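One structure below.
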Amino acid sequence: MIKQIAIVILQIFIIIALAPLLGGIIKKIKAFFQLRKGPGVFQPYYDIAKLLQKDSVVSQNVSWLFHAAPIISFAAVLTAGLLIPIFITEMPFGFAGDLIAVVYLFALARFFIALASLDAGSSFGGMGGSREMFVASLVEPALMLSIFAVALNVGSTNLSYISQTVSAMGLDALSPYQILAFAALFIIAIAETGRIPIDNPATHLELTMIHEAMILEYSGKQLAIVELGAMMKQLLVFSLLANIFFPWGIATGAGLAAIFIALLVYAVKIVILGATMAMVETSTAKWRLFRLPELLSVSLMLSFLAIVSFIIVKGG
Amino acid sequence: MSEIILGSKSVQLLIALILVSTFMILGSTRLYSCVRAFGIQSFLLACVAGIVAYSTGKNDLYIVAALTLVIKSAVIPYIFIYIIREIKVKREIELYVNISPSLIIGGVLVVISYYLIRSINIMSELSGFALSASMSLVSIGLFVMISRKKAIMQMLGILIMENGLFLGAISLTYGMPLLVELGIFFDVLIGVLIMGILIFRINKTFESIDTDMLKTLIG
Amino acid sequence: MLDNYLFLGLFSFYLLGAASSVIFNKNDRISAYLSFISAAVASIFGIIFSFSVIFGNTFTLSIPGSSFLDFGFFVDKLSAFFILVISIAVFAVSIYSTGYVREYFGKKNIGYLGFLYNIFVLSMILVVTASNAIVFLIVWELMSVISYFLVVYEHEKPETRKAGFIYIVMTHIGTGFIILSFLIFAGTSGSFGFETFHAAGAVMPPLMKDLAFLFALIGFGAKAGIVPLHIWLPYAHPAAPSNVSALMSGVMIKTAIFMLIRISFDFLGAGTAWWGYLVLALGTISAILGILYAVVESDIKRMLAFSSIENVGIILIGTGASMIFFAGGMTTLSAIAAIAALYHLLNHSVFKGLLFMGAGSILFSTHTKNIEELGGLIKKMPVSAVLILAGVLSISALPPFSGFVSEWLTFQSLLLGLIPVFKYGGFNTFAMIALSISAAVLALTGALAAFCFLKTFGIGFLALPRSKHAEHAVEVNKPMLLGMALFAILSVLLGIFPFYVLPVLDRIVQTFVGVSVFSQSVSFGASGTIAIPATLITLSTPALLVLVLIFALIPFICLYIYNRKTPAIYETWGCGQPVSTPRNEYTAQAFSKPVQIWFKNLYRPVTETKATYSPSPFLKESFKFESRIEQVFEQYIYNPVVDVVLAKSRRAKVIQTGSIHAYLSYIFGTLVILFMFVIAGGSK
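Chains as they are written, first to last, in my numbering: chain A, 1116 to 1431; chain B, 5 to 223; chain C, -9 to 674.
Take a look at the structure:
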């Protein structure tokens, strides 16, 4: 029991505490590729600390939803965090939901922030909310097919079981369908975390941004909560990628040594994924919004091919 | 025997990546990224040939692999890029079929190829994947030729088809005799060169390499 | 024995409601209360009755009649489930109606509405309980005709009359096909009793079976709103009074699903795989097209009607998957898929009822259905807003609301169809590809539903009022709130405690699929989870809810307890310009524009811009932008057919001379032909 509680607390701690660090690391790596010095890796912490000190300024048009949205979406993302294997496969709350539930928890978080974006009555908010939901709808079919591809390979959508099985298979787990599903999910991860070429996290031009436009009316502490929620979601999406496809090294029991190794391996995996993402961001330009269906249909077809190649390879 | 090699994890992974690169060609509207994706595809194909050569011990396959590597993943993409740069063609591909429908058609072609291969009954569990992939490469290559307007994309389409045939040949018989293989390479190279010259001519005549313009040639 | 009394009670209270509303027609208030309250009482009888059948025995009641027309009732667990769904919806909607019809006091005939309402509900109950094809057709027609009268209740509006016309035509086309299907059965069984249809289904030749199924699918599909037979829904649902739309969309279209399940599983044995694929494909197409049209719609009630098409599609995806599995001999999977379908059916009747009532409330207090004219209602109608939000979250399939659970179950049943192929042997590649495409489309549908309802709620309820209508809105009266609250609570409860409902559904599904999956293949309830042990998949909405609530404390403490400061109130940011006016708000059309551009091939939008300049060509004086989308099915399927029919009819008109002698000679001619026919038959 104590062990379980300790695992839960450690997992929550990792998600909340390391989420800003990931953002910082990606920025640093990006700066490295662009031959810049870039801000320090701890910059996101300073930003959040600064925001937490500040007062909020709230539009006079808003209702209670505007105040409730950051809380609900933060909580939904953190709940999803307890369903995703981070360093251990035996999660105490793993029974509460599977991969599909994680997807819908993210949807819940997004839904409330997008609702809040309309609450202030500004056009920017509406624009951001509309685009965010548009991209989310583009992503969804590909996401579901990749989930199916993963589930086909393992036989379940239970996340701890997926990690456990793939981890036990070792290198055998590398298969055409895994690769195709990974490629599909990687494109989806770009969309879900709002990165180039889908969205530019660093932009400050209202007309081009998606996520930033949506949260334009938030300020001070509320903005800190929203930003932290977004960073947590980014970390969780990366964790999903890492621990569904490359779960090697994850702890399967609650031994201290195993957990320690798992944490180290986890950090390495996340940093590698972050570096890959930074590389993609550096080498591409942001796409026009209405070209995004093309990118995401690539992802859709890759996930579909994952299922087809599963059928072909397993023979029929 | 065929199953051991072509069913081996590494070859399957490479073939999956070849499919990914094919869909990159289908899903891209930039000439450069299409050419790059083709280069990657040929590189992966060379790796497949290399692995097959290594595991069968057929030395002439090494030559084929090396030739693929040099000609298809380096020389031909270079020629393409040279042409694109020289005739200052607009980098956007014009399409008859939009990207999303093209991709979906690509997916359907893969499924059809699979059913086709399955129906001819030469497929054992493992090499079936390679054969299906080669068949889909051929059909997708043809589809690229049909659905893209730029003359360069027609060349690319025929090269994708050729890659598909090459993959099929490797997976069925571990490659054709070296002489035939060499002949094909020579053919492809000359073909690309001739097509390149043709593209220059088309460009000079119509000030565009849009093959739609050829319609104006009818009497 | 008790069942008899319950059934009688249910019957008599609806009749009482119908009668009393007519008797007290003089006084609107008394008439409304009597009719709707007795409908509510009758529905309580219905709820108890259906539970007693679900947990007890099949109920039959036959009224001795002529030998030809055996007037009887037959209620098995499946019928009882539909009585339950109808009764729950009627209970809440009736309470809501007592408040809603105040709108019509003094303007319209309340007694007429109350009468039609009661008879309409009764006819739906009769449809799911009829035990004879002839009786069924009579009550089915009764239901259609009464609902037609309800649709045209506000007949002074021309668009309502058009809606009623389209509805009555489509529903009669449907009935025609239903009659054909029943005739095929009766041709084999030699009787119109449903119990003989079951036996007939077993001995019919395959071709006949296929035909019977296809006719039934077309006939009932027209009622259920399957694409491309859906065109009446977006006309009829907005035209009807909102309380009636809640019932039509929530339960009436489900009676068609009931008959589809009954005919394909019970009568025909669902042994043919392609039926399942056909239903799956139609369901998938209906789901995606329904929601695509809903997304770009700015009339709330039309949008809800399109969304009903979508949800019927989702239900059919479950049903189709169930039929595929059943035909493949995978009865366990078939049962799970059927449970998912029935659960979504139940949930949809609850949240769609709630949303239609919500649309009615908006209409009641703002007198407009156009969301472009709404806005800011969350401050004017705070309670309604919360209740409608519950419906919105539920239909957007967000955890832990009811829509999420049923959509999750539908996904799982599709996924299970893929997994067993290698776990339990039997490798059907076609099924795998079909199921995964369907799942991808379903995922897109779910995301677009969230988009659509986010738009509706966000534009309609948030920010500033966009028109005088919305500015003067006030909270609706108590009975209306109570009716909505019942459904809002129910859709939360159905989401959090699905494991109390699913075993009940399991008992129902067992009657037509033949296996019980409860506690072997699926367990519901153990520590508040739904679990499918074969794949180790678990879902626990209570746990999710508790976790979300606990984690909400972290930001809550951070925002409101630790170092608390009241936020400064200021204008909305508008790049330094004072823009806090409703004119600067994002519109519903702009919100859905990305989807409209994405699917421009489907919508074929027509846009017109008109600008006038003065005095210089750089200064716009006025600018008008108009954009509408095409209804592809009406444009390219129905209109050509209608044109052809009209042209033919015009030509056929020549026989209508107006001369009585000509008419008599037609009769004479017919008579002669009949004589010949008899003679030819007799000589054989």
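Glycine residues also receive a C-beta, built at the ideal position from the N, C-alpha and C atoms.
Predicted model only: the values in this text are computed from it and were never measured.
Put simply, the CB of C/Tyr576 is near chain A, with a gap under 8 Å to one of its CB atoms. Within chain A, the residues Pro1408, Glu1409 and Ser1412 have their CB atoms less than 7 Å from the CB of B/Ser104, given in chain order.
Under the three-state reduction of DSSP output, A/Ala1357 falls in the helix class. In chain order, Gly1212, Asp1213 and Ala1216 make up the part of chain A whose C-beta sits under 7 Å from the C-beta of C/Leu529.
Counting only Cβ-Cβ distances below 7 Å, A/Ile1187 has contacts in chain C at Ala542, in chain order.
With fewer than 16 neighbouring CB atoms inside 10 Å of its own CB, A/Ala1400 falls in the exposed class. In this structure the region 302 to 314 of chain C does not touch the region 602 to 622 of chain C; the number of beta carbon pairs closer than 8 Å is below three. Look at C/Asp633 here: in three-state DSSP terms it is helix. The alpha carbon of C/Phe401 has as its nearest neighbour, out of C/Phe508, C/Ile368 and C/Ile307, the alpha carbon of C/Ile307.
With the criterion set as a beta carbon lying under 7 Å from some beta carbon of chain A, the members of the region 354 to 369 of chain C are Ile368 and Lys369, in sequence order. Just so you know, the alpha carbons of A/Ile1215 and C/Asn629 end up roughly 42 Å apart.
The contact set of A/Glu1255 on chain C, defined by CB atoms closer than 8 Å, consists of Ala433, Leu434, Gly436 and Ala437 in chain order. Interface annotation for the region 11 to 24 of chain B against chain A: Lys13, Gln16, Leu17, Ile19, Ala20, Leu21, Leu23 and Val24, criterion Cβ-Cβ distance under 7 Å. For C/Tyr603, the three-state secondary structure derived from DSSP is strand. By the Cβ neighbour-count rule, C/Trp265 is buried, with 16 or more other Cβ atoms within 10 Å of its own.
Per DSSP, B/Ser12 lies in no beta strand (DSSP E) segment and is marked neither H nor E. A straight-line Cα-Cα distance of about 6 Å links C/Ser428 and C/Thr274. Counting along the chain, the unbroken beta strand (DSSP E) around C/Tyr560 starts and ends at Ala558 to Tyr560. Taking 8 Å as the cut-off, the Cβ atoms of C/Gly280 and C/Ser297 count as close. Burial of B/Glu166 is indicated by the presence of at least 16 other C-beta atoms within 10 angstroms of its C-beta. Taking 8 Å as the cut-off, the Cβ atoms of A/Met1346 and B/Leu107 do not count as close.
Inter-residue distance for C/Phe608 and C/Lys614 is about 16 Å (C-alpha atoms, whole angstroms). Taking the CA atoms as reference points, C/Ser506 sits about 27 Å from C/Leu432. Close to A/Asn1176, with beta-carbon spacing below 7 Å, are these residues of chain C in chain order: Ala453, Leu454, Thr562 and Ser570. Proximity to A/Leu1133 across A/Ala1373, A/Gly1389, A/Ser1282 and A/Val1250 peaks at A/Gly1389, based on C-alpha coordinates. Using a Cβ-Cβ cut-off of 8 Å, A/Met1259 does not count as an interface residue toward chain B, since no Cβ of chain B sits closer than that to its own.
Against chain A, the beta carbon of B/Phe27 has neighbours under 8 Å at Val1413, Met1416, Leu1417 and Leu1420, listed in chain order. Annotation: the continuous beta strand (DSSP E) that includes C/Val65 extends over Phe61 to Val65. Straight-line measurement puts the Cα of C/Tyr102 at about 9 Å from the Cα of C/Ala8. The beta-bridge partner set that DSSP reports for C/Ile53 consists of C/Phe61. Residue pairing by DSSP leaves C/Phe95 without any beta bridge partner. In this structure, the straight-line span from the alpha carbon of A/Ile1141 to that of A/Glu1327 is close to 18 Å. Of all residues in the region 110 to 122 of chain B, the ones placed with a Cβ closer than 8 Å to any Cβ belonging to chain A are Gly110, Gly111, Val114, Val115, Tyr118 and Arg122, in chain order.
Residues of the region 1318 to 1344 of chain A that bring their beta carbon within less than 9 Å of a beta carbon in chain C comprise Glu1321, Leu1331, Glu1332, Ser1334, Gly1335, Lys1336, Gln1337, Ala1339, Ile1340, Leu1343 and Gly1344, in sequence order. Within the region 147 to 209 of chain B, the complete alpha helix (DSSP H) segments of 4 residues or longer fall at 155 to 177, listed in chain order. In the three-state reduction of the DSSP assignment, C/Arg252 falls in the helix class.
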